[in-house]
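Notes follow once the structure below has been shown.
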Amino acid sequence: MNEYLDQPDASVYQYLNSVRQGVNMPALPILAVDNSKVGMRKRIQNERRVELKAVDNSPVNVMNARPSTKELTATGLNVTSEAAGIAVFYKPVVI
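Here full-length UniProt numbering is used: the first residue of the sequence shown is 1, the next is one more, and so on.
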């Protein structure tokens, strides 16, 4: 939800708090710093780190919970191309 919306709203807190309720944790307080996409992303990443640490101490899980240092571009195949031929179908396109 956070990445889909321009700015986090009550639904983002609702989903985070439903996960916290499953382990009897108190609801997250709504802070002004979390009222941006970047601020809420940091909050969600911290929640994931806490959750993974409680479940499993695996270094891979802890490492995957860290924020990425670079932004990647997603690519796919053009399956709806009107052009004929396999060469067009197998040409990667940016999503």
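Backbone N, C-alpha and C fix where the C-beta goes; we use that ideal spot for every residue, glycine too.
For glycine 22, the three-state DSSP class (helix, strand or coil): In the three-state reduction of the DSSP assignment, glycine 22 falls in the coil class.
Beta carbon of leucine 77 nearer than 8 Å to that of tyrosine 90: Pairing leucine 77 with tyrosine 90 gives a Cβ-Cβ distance under 8 Å.
Beta-carbon proximity list for proline 92, same chain, < 6 Å, skipping 5 on both sides: Here the set comprises Thr75.
Leucine 16 - DSSP class collapsed to helix/strand/coil: Here leucine 16 sits in helix by DSSP.
Assumed close pair proline 8, asparagine 35 - CB separation to whole angstroms, cut-off 8 Å: Going by Cβ atoms, the distance from proline 8 to asparagine 35 rounds to 7 Å, so yes, they are a contact pair.
Integer Cβ distance of leucine 5 from isoleucine 44, believed to fall under 8 Å: Contact flag wrong, Cβ pair sits at about 13 Å.
Whole-number beta carbon distance between leucine 28 and arginine 41, since they are thought to touch under 8 Å: For arginine 41 against leucine 28, the beta-carbon gap comes to about 14 Å, at or over 8 Å, which does not count as contact.
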